[in-house]
Amino acid sequence: MKDDNITIEDVSNVDGQMVTIDLEDLPELPLDYKDMPWKPFTPDQKENVACILDDVCVLNIPVPKNPQEEEELVNKFLEGMRKLFKTDNNWTCLPMLESSMENCVQCNSCSPACHLWEMSGKNEIYRPNYRSEIFRRIYHQYVKKEPFAKWRYGDMNLNWKTIARLGELSYRCNLCRRCAQTCAIGVDNGLIAREIRKLFSEELGIHPKELHEKGTMNQLKVGSSTGMTPGVVKDNVEFIDEDYSEITGVGITTPFDVKGADIMLLHNAGEIMAWPENIAAFSLIFQEAGLSWTLSSKSVAYDGVNYGVFYDDAQLARIALDHMKAAKELGVKKIVVGECGHAHKAITVLADRVIPYELQVPRESCYVTLRDIVLGGRLKLDPSRNNFPVTLHDPCNVVRLMGIVKPQRDILHKIAPQFREMPHNGVHNYCCGGGSGFAIMSRNNIDEWRGNISGRKKMQQISEAFKDCLGPETKKYICAPCSNCKGQIRELLEHSDLYAKNSFAYGGLVELIVNAMSNVAPGYIKWESDE
Amino acid sequence: MYTLFYILAYLAAAGFVCLAILKIRTFMKTSPLHIRWELYPIPHEGPKRAAYGGSYMEETNWWTKPRHVDHWMDLKAMGKEIFFLESTFEHNLPLWIRTYPFHMGLYMLMGGIMIVIFAAFIQVCGVSPKCGFMIFLGNIINAMVLFGSCMMAGGGIALIVRRTTDKGLHKYTTREMYCNLGAFVIFGLLSLCAWVFNPDYFTLCRRLMYNLMTGHFKALGSGWFVINMLWGFALMCWIPVTNMRHILIKYFMYHDIRWDDMATVWSNKNKDLINENLQFGVTWSAPHVTEDGKAKNWVEVATTNPADDPNASK
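Those protein sequences? They're chains A and B, same order as listed.
Count the first sequence with my numbering and you get residues 1 to 531, in order.
Count the second sequence with my numbering and you get residues 1001 to 1314, in order.
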């Protein structure tokens, strides 16, 4: 279906796949960036799975086999929607949800703020308000059953296709809330997307397997969404210490379970597997700065990941509680959250009104702790080691949603002589495109969607930041101090071979600090041309 | 007949107040305490931090420090939003060009009502309606009504045209929205007619308000003005039940949600409310939440590990 003709009602009325995104419609990038052709759904998927929105399928909702199953899906959804608007089931978010449902004046000021809408060639279904408006119409017509609802708010035919597509639409949002920043009234389409996800998860038991089965359930079962048990984590960190002691020439020992330490450092455990240099860099910096600190080896507490943030309040509360309990047991003065954006928001902001105060331990961002170390002169630093262009990606969860903007910049101004901002930085940043769980999903064209659409704006920003030095001659560093963001940027660079073509390297803030430490062997950050 | 007109005026005022209170009360009662859902920049962080969107969480051991809230900055930001429609100006200029005169017209008429109430009140207190001060107020009101009604009607028409001609907006504009805008346009035009066809609009308004305050239900002597007012009475009751209620709720959407960054460490009230909230019953049906939909409270939910239940991950 052509974008111009798409209406709100189509979500209920169109058969088959509603929209396909023509790659020709996508905005061009200055970099040699390859678009990724959509893989067609298999006949089996088309028959059995509700891949009926666009070229992507996140939720894998089974196609109902008969009218009874169709009705059952609709009724369960409506039952969930009624619960969503009840204080006891949804005291966490009801005021935000209800006010966003009731007060939107449909001015569409939010659309240009959304990187998905812009980078999809302004496809109608990616307007922040498209899914919200479907949800609103269902709410007024079928849940509140308001008189003249069809006339007042617009008619919405409700069938299984509406439900399946709405569920998918809730996963065509990075939950970055950039749209909410532009709303004159305070309506939050990001919140509505998360609430729809919540309804699907908490009532219908429908969620992306990467967030639920492999994510929160795995974390609650074995201790980490990576699948690492406490023993494996300790072993892996010990290996990292050994490897990086050799690489850096400085003996590194990462402490575990030190009772009474000042700080419990909460890493995203994905770093241990994918970016061990980040773990080593933290250990090295904290050690050299003489901090009293520890990691926890208690189940769940060695992994700061909390995917409940993206889809489910119950899972959010359970994991946050486990993090707090571990810190309490160790008797630390504070939890310092490592380079993981959503972990920051989960434990610092969201948990603040979910976990009873008596069980809380104060939380601080690692950017703040690192700023104090670097500016306090607690490390021997040689900024000339970082004399290459550096730009900073702002993780939405830490910056727009927590207001931690300056500490990371203070560090960069101190240690990176060629630091330059991206356009639209700080609280006005754009999501990397992997936000809200996408960075860990990989199937049914999700990779393609991240590459073609959700990550496109970030690539545009990166190319703008380095516009004076694009090409393979100049080594450049993309500082992305967040695990999910790094995962997304890695995919974007890898796919188009931009490591070689453009001499990009990416990593966190701590790697850059260690790279500038004069008592460490030079060359902590590696470019492809170095290897 | 005159009595009915005055009764409708009382009913409209009471209706507006009651519906407005009801709406605000409903909002306030949705949750005793919601999670923090702040969005930066937050003006009460103070001019230095608000300029780049920073928060108290940028400070080392922030929880050990006293809380500073710059209320003046909140007021200033709210003022810029209300009187300049700053967000719309920054993010949707084509709409701002149309909606700004519309809103200004509305504000002038709302502000005019306040001045008229004041004028009638001092008249009740014995100030002569012919004194210099009243004439001064009259000139202000007459100017406000002329400009306000023109801006409201003009802006309203421009918004309707924009909503019908812009493809994106057209898809999202419901019949009710056209009616709402149309109702304001009609009100603006009626105000303009009443202004044009009467020698002194202010005198009519002041008389109406004076009569309402003193219970003297006398004829006002202008058909246009009566029609104008009747339409206004209907609008007063209509505003709180449509999305135009954002006039009332916007304050709370900013102060209680977007700018609510109060950490629990600084609020004993919130410490208690968290514990109360956790006693709410949960009836979500997914197996990982309540095991076959059997109600639990939030404490039980948070302290249960669904991964121990082999059915829960299904």
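Quick reminder that beta carbons are idealized off the backbone N, C-alpha and C, glycines included.
According to DSSP, residue i sits in a beta bridge with which residue or residues?
| i | result |
| --- | --- |
| V365 of chain A | The question names Val, but residue 365 of chain A in the sequence shown is Ser. Its beta-bridge partners are A:V337. |
| L492 of chain A | Answer is none; L492 of chain A lacks a bridge partner. |
| F1202 of chain B | None; F1202 of chain B has no bridge partner. |
| M517 of chain A | A:L381 |
| P535 of chain A | Nothing about residue 535 of chain A can be read from this structure; chain A reaches only from 1 to 531. |
| F1280 of chain B | Beta-bridge pairing links F1280 of chain B to no other residue. |
| F256 of chain A | A:L295 |
| N1297 of chain B | B:G1281 |
In angstroms, rounded to a whole number, what distance separates the CA positions of residue i and residue j?
| i | j | result |
| --- | --- | --- |
| N519 of chain A | D530 of chain A | 21 angstroms |
| Y1251 of chain B | L401 of chain A | 20 angstroms |
| Y142 of chain A | V1241 of chain B | 18 angstroms |
| Y357 of chain A | S1031 of chain B | 18 angstroms |
| F1149 of chain B | N103 of chain A | Position check: residue 1149 of chain B holds Ser in this sequence, whereas Phe was assumed. Rounded to the nearest angstrom, the two C-alpha atoms are 25 angstroms apart. |
| V74 of chain A | G215 of chain A | 27 angstroms |
| C114 of chain A | F239 of chain A | 42 angstroms |
| V222 of chain A | G205 of chain A | 21 angstroms |
| A500 of chain A | R178 of chain A | 32 angstroms |
| I513 of chain A | T1165 of chain B | 54 angstroms |
| K1314 of chain B | K150 of chain A | In this predicted model, K1314 of chain B has a pLDDT of only 46, less than 50, meaning its place in the structure is not dependable; the value taken from the coordinates is given anyway. Each residue's alpha carbon lies about 37 angstroms from the other. |
| L169 of chain A | R131 of chain A | 6 angstroms |
| Y965 of chain B | R1175 of chain B | Because chain B spans 1001 through 1314 in this model, residue 965 of chain B falls outside it and cannot be assessed. |
| D1057 of chain B | I525 of chain A | What sits at residue 1057 of chain B in the sequence shown is Met, not Asp. Going by the C-alpha atoms only, they are around 29 angstroms apart. |
| T1304 of chain B | W1298 of chain B | 10 angstroms |
| L158 of chain A | N48 of chain A | 21 angstroms |
| S224 of chain A | G1046 of chain B | 40 angstroms |
| F1225 of chain B | P1129 of chain B | 19 angstroms |
| R1036 of chain B | N218 of chain A | 27 angstroms |
| A1009 of chain B | L1235 of chain B | 12 angstroms |
| W1316 of chain B | M517 of chain A | Here chain B comprises residues numbered 1001 to 1314, so residue 1316 of chain B is not present and cannot be evaluated. |
| K1269 of chain B | G308 of chain A | 26 angstroms |
| M81 of chain A | K1294 of chain B | 18 angstroms |
| D15 of chain A | I8 of chain A | 14 angstroms |
List, in chain order, every chain D residue whose beta-carbon is nearer than 7 angstroms to that of residue i.
| i | result |
| --- | --- |
| E271 of chain A | The chain inventory of the structure shown lacks chain D, comprising the protein chains A and B. |
Return the first residue and the last residue of the beta strand (DSSP E) that residue i is part of.
| i | result |
| --- | --- |
| F504 of chain A | F504 to G507 |
| M264 of chain A | I263 to L266 |
| Y1040 of chain B | No beta strand (DSSP E) contains Y1040 of chain B, which DSSP labels as neither H nor E. |
| T391 of chain A | V390 to L392 |
Terminal residues of the continuous alpha helix (DSSP H) containing residue i?
| i | result |
| --- | --- |
| Y1052 of chain B | P1047 to Y1052 |
| I285 of chain A | P276 to A289 |
| I1024 of chain B | Y1002 to K1029 |
| V74 of chain A | P67 to L84 |
| I478 of chain A | No alpha helix (DSSP H) holds I478 of chain A; the beta strand (DSSP E) holding it covers K476 to C479. |
| N89 of chain A | T87 to N90 |
| G1188 of chain B | R1175 to V1196 |
| R165 of chain A | W160 to S170 |
| L359 of chain A | Element bounds for L359 of chain A: n/a, residue is neither H nor E. |
| K150 of chain A | A149 to Y153 |
| K198 of chain A | N189 to E202 |
| K1171 of chain B | K1167 to Y1172 |
| I1035 of chain B | From DSSP, I1035 of chain B is part of no alpha helix (DSSP H); its letter is neither H nor E. |
| S463 of chain A | R456 to A465 |
| T20 of chain A | Element bounds for T20 of chain A: n/a, residue is neither H nor E. |
| V11 of chain A | D10 to N13 |
**Request:** Report the residues of the region 365-379 of chain A with a CB closer than 9 angstroms to any CB of chain B, ordered along the chain.
**Result:** S365, Y367, V368, T369, R371 and D372
**Start-end ranges of the alpha helix (DSSP H) lying completely within the region 216-254 of chain A, minimum 4 residues** = 218-222 and 230-248
**Message:** Suppose only complete runs of 4+ residues qualify. What are the alpha helix (DSSP H) ranges in the region 1082-1134 of chain B, listed by chain order?
**Reply:** 1086-1091 and 1093-1124
**Message:** In chain order, what are the residue ranges of uninterrupted alpha helix (DSSP H) at least 4 long that sit wholly in the region 287-334 of chain A?
**Reply:** 308-311 and 313-330
**Prompt:** Quick one, which residues of the region 145-165 of chain A are near chain B if we go by CB-CB under 9 angstroms, in chain order?
**Reply:** F148, W151, R152, Y153 and G154
**Item:** Completely contained alpha helix (DSSP H) runs for the region 407-451 of chain A, where each covers 4 or more residues
**Value:** 446-449
**Request:** Could you list the residues in the region 216-248 of chain A with a C-beta less than 9 angstroms from some C-beta on chain B, going in chain order?
**Result:** So the close ones are T216, M217, N218, Q219, L220, K221 and V222.
**Message:** To test your reading of the DSSP string, which unbroken alpha helix (DSSP H) runs of 4 or more residues are found completely within the region 89-138 of chain A?
**Reply:** You should have 94-102, 115-119 and 128-138.
**Message:** Going residue by residue through the region 1229-1286 of chain B, where are the continuous alpha helix (DSSP H) segments of at least 4 residues, counting only ones entirely within it?
**Reply:** 1246-1252 and 1268-1277
**Asked** Along the region 1285-1297 of chain B, what residues have a CB closer than 8 angstroms to any CB found in chain A?
**Response** When CB distances to chain A are screened at a threshold of 8 angstroms, the residues of the region 1285-1297 of chain B falling below it are S1285, A1286, P1287, H1288 and V1289, in chain order.
**Asked** What residues in the region 1041-1071 of chain B have a beta carbon less than 9 angstroms from any beta carbon of chain A?
**Response** P1041, I1042, E1045, R1049, Y1052, G1053, G1054, S1055, Y1056, M1057, E1058, E1059, T1060, N1061, W1062, W1063 and T1064
**Item:** Members of the region 16-48 of chain A that neighbour chain B once the beta carbon cut-off is set at 7 angstroms
**Value:** none
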